[in-house]
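S.K.: The structure is given below, and queries will be raised subsequently.
Dropping the structure here:
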């Protein structure tokens, strides 16, 4: 019985979950900062947070994974950004898409 429940939870976790307040930006270059993103994306509405996932290199330095997440205070703001589809930041044009919550790691 418990094995079946665990299997159902595992299958449910594998289904991507829509996060209506957060958008994902693709196409980041390493010189784009969270402040740059904040300033460019605030035209869509109030922002709660900006996060650029980083990876650590063998030499101990860190670099961007090439994408970022922007969480807005209202769902309408995220929808407005997604409808726009892209935003220019520095010398790049970033693609805007709906962010999906990653399934929990096991």
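Residue numbers (our numbering): 2 to 107. Backbone N, C-alpha and C fix where the C-beta goes; we use that ideal spot for every residue, glycine too.
Assuming residue 79 and residue 24 are in contact, meaning their beta carbons sit under 8 Å apart, how far apart are those beta carbons, in whole angstroms?
M.R.: Their Cβ separation, rounded to whole angstroms, is 5 Å, which keeps residue 79 and residue 24 in contact under 8 Å.
S.K.: With a cut-off of 8 Å, do at least 3 Cβ pairs link the stretch 58-67 to the stretch 35-44?
M.R.: Output reads no: the stretch 35-44 does not touch the stretch 58-67.
S.K.: Going along the chain, which residues of its own chain have a beta-carbon closer than 8 Å to the beta-carbon of residue 76, five neighbours each way excluded?
M.R.: Counting only Cβ-Cβ distances below 8 Å, and skipping sequence neighbours, we find 21, 22.
S.K.: Near residue 49, what residues of its chain come up, given a Cβ to Cβ distance below 8 Å and the 5 sequence neighbours on each side ignored?
M.R.: Answer for residue 49: 22, 72, 73, 74, listed in chain order.
S.K.: What span of residues does the beta strand (DSSP E) with residue 97 cover, start to end?
M.R.: Run containing residue 97: 93-102, per the beta strand (DSSP E) assignment.
S.K.: Might you give, ordered along the chain, the residues of its own chain that have their beta carbon closer than 7 Å to the beta carbon of residue 52, omitting 5 neighbours on each side?
M.R.: Taken in chain order, the residues that qualify are 69, 70.
S.K.: According to DSSP, is residue 48 part of a helix, a strand, or is it coil?
M.R.: Reduced to three states, the DSSP call for residue 48 is strand.
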